[in-house]
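Asker:
Numbering (the numbering used here), first residue to last: 33 to 120.
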């Protein structure tokens with residue numbers, strides 16, 4: 033694993049911890065929804081780093097599938113939360 037990959041992995045881990053904090057603490061449902069969406073994007077980033085590190089394209093297939101599922105899930109959550117009022 034190169035230095036760049038290690039730094040990218042560390043940054044993704046730190047960002048994941050921040051997202052997990054926001055999911056647990058986030059005062060409103062839209063905050064949690066955005067954090068879940070970002071966490072899905074970070075998982076795609078992890079899969080891409082694993083694909084580069086191992087040299088297997090299998091991880092890229094997982095990343096593409098995960099991105100699609102994350103996008104559909106975010107649309108469903110946004111539709112569910114649409115029109116509701118939230119007080120912080």
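In this text, a Cβ means the ideal position worked out from N, Cα and C, and glycines have one as well.
Can you tell me the Cα-Cα spacing of residue 88 and residue 77, whole angstroms?
Answerer: The residue labelled residue 88 in the question sits at position 56 within the chain shown. The residue labelled residue 77 in the question sits at position 45 within the chain shown. Between residue 88 and residue 77, the C-alpha separation is close to 15 angstroms.
Asker: Alpha carbon to alpha carbon, what distance is there between residue 74 and residue 44?
Answerer: For the purposes of this step, residue 44 is taken as residue 12 along the chain shown, with counting starting at 1. For the purposes of this step, residue 74 is taken as residue 42 along the chain shown, with counting starting at 1. Looking at the two C-alpha atoms, the distance is approximately 6 angstroms.
Asker: Quick one, are the C-beta atoms of residue 47 and residue 81 less than 8 angstroms apart?
Answerer: Counting from one through the chain shown, the residue named residue 47 turns up at place 15. Counting from one through the chain shown, the residue named residue 81 turns up at place 49. It is not a contact, given that the beta carbons lie outside the stated cut-off.
Asker: Please confirm if the region 58-67 is in contact with the region 96-113, defined as three or more CB-CB distances below 8 angstroms between the two stretches.
Answerer: Contact holds: three or more Cβ-Cβ distances are below 8 angstroms.
Asker: Under three-state DSSP, which class holds residue 54?
Answerer: The residue labelled residue 54 in the question sits at position 22 within the chain shown. Helix, per DSSP.
Asker: Given this structure, state the Cα-to-Cα distance separating residue 97 from residue 70, to the nearest angstrom.
Answerer: As a position in the chain shown, residue 97 is number 65, starting the count at 1. As a position in the chain shown, residue 70 is number 38, starting the count at 1. Approximately 16 angstroms, taken between the alpha carbons.
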